[in-house]
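**Q** Position one of the sequence shown corresponds to residue 5 (this note's numbering), numbered consecutively onward.
Have a look at this one before I ask anything.
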Amino acid sequence: MAPLEVICAGVGKTGTESLRTALDILGYNTMHYKNFFNDPTLDPSLFIHAHYNRQETDWDKVYAKYNAAVDIPTWLWYKDLIKKYPDAKVVLTLRDPDSWYKSVKKITELTMEKFKHVDTKETLKKLNKLNEVFILECDLLNPETFEDEEYTKTLYRKHYEEVVATVPEDNLLIMEFGEGWERLCRFLSKEVPNVPYPKVNSTEALDRYLSDILENPEVVEQAHA
Numbered sequence: 005m006a007p008l009e010v011i012c013a014g015v016g017k018t019g020t021e022s023l024r025t026a027l028d029i030l031g032y033n034t035m036h037y038k039n040f041f042n043d044p045t046l047d048p049s050l051f052i053h054a055h056y057n058r059q060e061t062d063w064d065k066v067y068a069k070y071n072a073a074v075d076i077p078t079w080l081w082y083k084d085l086i087k088k089y090p091d092a093k094v095v096l097t098l099r100d101p102d103s104w105y106k107s108v109k110k111i112t113e114l115t116m117e118k119f120k121h122v123d124t125k126e127t128l129k130k131l132n133k134l135n136e137v138f139i140l141e142c143d144l145l146n147p148e149t150f151e152d153e154e155y156t157k158t159l160y161r162k163h164y165e166e167v168v169a170t171v172p173e174d175n176l177l178i179m180e181f182g183e184g185w186e187r188l189c190r191f192l193s194k195e196v197p198n199v200p201y202p203k204v205n206s207t208e209a210l211d212r213y214l215s216d217i218l219e220n221p222e223v224v225e226q227a228h229a
C-alpha cells in the first residue's frame, strides 16, 4: 500500500492514537506502535534494522501495508520519510509541554514495567526489544535524562521547532491536542465524516491492553504465527 501519504511527526501522547483512528475513518490504513501487537505481517526486527540502517532501508517494504503512519517509531524517522515521500502530508500533533510530560511519564513507566519481566515467547521478546530501541535509546525518552523535567520539555520543544523548520509549510499541519475534524480534513482534501472526532488512548485503557497481552501471550503468538 505504500507510498506513505500521511506522516505524523508528533511524538507520542500528543493525540497520535486519536489521529490514527481518525485517519482510518478517512480511509487510510495507518501504522501505529500498537500494530506490532496485532498485525501478523509486521516484523519488529525489520523496524529495528531500519532504525540503525536508515540510508539503505527500503521504506516501501517497512510500511508495505500502510499509507499513513503515526506514533513511534515514525516520528523518529520523519526526516528520512519526507525525503522518500516528498508529496506526503505531514501532521505535527502538539500538546502543552507540562501536560505532555506528565502523560508520557506515566505511559513510559507503565510500558517498561510491563515488559521488563518478559522472558518467554519469542514474539514478546521481539516486542520487548522494540521498547528498548525506541524508548530507552530515544533522546527524548532516555530514562537517564527523562527525570529532568525541564530538560525533557526543552527537547520536546526543540523537536517541534525542528519539524516546523524542516517540513515545507504547504505540506505541514500543526494540529493542537483536542482538535477535531475541520482543519485536518481540509488539509487532506477529505470530507468531514458524520461522526465525532475520536478520543482514545487513556492511560487506563493502555494498562488494560498491555495486561491482556502479557497475561495471554498466546494471542500475540498466534497473530504472528
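Backbone N, C-alpha and C fix where the C-beta goes; we use that ideal spot for every residue, glycine too.
Do you know how far the Cα of Trp81 is from the Cα of Leu144?
**A** Here the question's residue 144 lines up with position 140 in the sequence shown. Here the question's residue 81 lines up with position 77 in the sequence shown. Taking the straight line joining both Cα atoms gives about 14 Å.
**Q** Determine the DSSP secondary structure at Ala72, reduced to helix, strand or coil.
**A** Start at 1 with the first residue of the sequence shown, and residue 72 comes out as number 68. Looking at Ala72 - three-state DSSP - the assignment turns out to be strand.
**Q** Using DSSP with H/G/I as helix, E/B as strand and the rest coil, what is Leu30?
**A** As a working mapping, residue 30 is identified with position 26 in the sequence shown. Note: Leu30 maps to coil in three-state DSSP.
**Q** Rounded to the nearest angstrom, what separates Asp91 and Tyr70 at their Cα positions?
**A** Position 87 of the sequence shown holds residue 91. Position 66 of the sequence shown holds residue 70. Going from the Cα of Asp91 to the Cα of Tyr70 covers about 16 Å.
**Q** Have a look at Asp84 and Trp63 and give me their C-alpha separation to the nearest angstrom.
**A** Stepping through the sequence shown from its first residue, residue 84 is reached at position 80. Stepping through the sequence shown from its first residue, residue 63 is reached at position 59. Cα to Cα, Asp84 sits roughly 9 Å from Trp63.
**Q** Would you call Val196 buried or exposed, if buried means 16 or more other Cβ atoms sit within 10 Å of its Cβ?
**A** Your numbering for residue 196 matches position 192 in the sequence shown. With fewer than 16 Cβ atoms within 10 Å of its Cβ, Val196 is classed as exposed.
**Q** I need the boundaries of the beta strand (DSSP E) containing Cys12, first residue and last residue.
**A** Numbered from 1 along the sequence shown, position 8 holds the residue referred to as residue 12. Element bounds for Cys12: Val10 to Cys12.
**Q** Quick check on the burial criterion: 16 or more other C-beta atoms within 10 angstroms. Buried or exposed for Gly182?
**A** Locating residue 182 in the sequence shown gives position 178, where the first residue counts as 1. Label assigned to Gly182: exposed.
**Q** Buried or exposed: which applies to Asp100, given that a residue is buried once 16 or more other Cβ atoms fall within 10 Å of its Cβ?
**A** Position 96 of the sequence shown, counted from the start, is the residue given in the question as residue 100. So Asp100 ends up on the exposed side.
**Q** Which parts of the segment 41-92 are runs of the alpha helix (DSSP H), unbroken and 4 residues or longer, counting only runs that do not cross its ends?
**A** 48-56, 63-66 and 82-88
**Q** At which residues does the alpha helix (DSSP H) containing Leu188 begin and terminate?
**A** Your numbering for residue 188 matches position 184 in the sequence shown. Its alpha helix (DSSP H) spans residues Trp185 to Leu192.
**Q** Going by DSSP, which residues form a beta bridge with Leu96?
**A** Counted from its first residue, the sequence shown places residue 96 at position 92. Bridge partners of Leu96: Ile178.
**Q** Can you find the residues in the same chain that come closer than 8 Å, C-beta to C-beta, to Gln226, ignoring five residues on each side of it along the sequence?
**A** What you label residue 226 is simply residue 222 of the sequence shown in a count that begins at 1. Since pLDDT at Gln226 reaches only 45, below the 50 mark, its modelled position is unreliable, and the value read off the structure follows with that caveat. For Gln226, where only same-chain residues beyond five positions count, there are no Cβ hits under 8 Å.
**Q** At 4 residues or longer, what runs of the alpha helix (DSSP H) sit wholly inside the segment 136-178?
**A** 147-150 and 153-170
**Q** Taking 8 Å as the cut-off, decide whether the C-beta atoms of Ile11 and Val94 are in contact.
**A** Mapped onto the sequence shown, residue 11 falls at position 7. Mapped onto the sequence shown, residue 94 falls at position 90. Closer than 8 Å, so yes.
**Q** Nearest CA to the CA of Tyr105: which residue from Leu177, Tyr160, Cys142 and Glu165?
**A** To locate residue 105, count along the sequence shown from 1; it is residue 101. Ranking Leu177, Tyr160, Cys142 and Glu165 by Cα distance to Tyr105 puts Tyr160 first.
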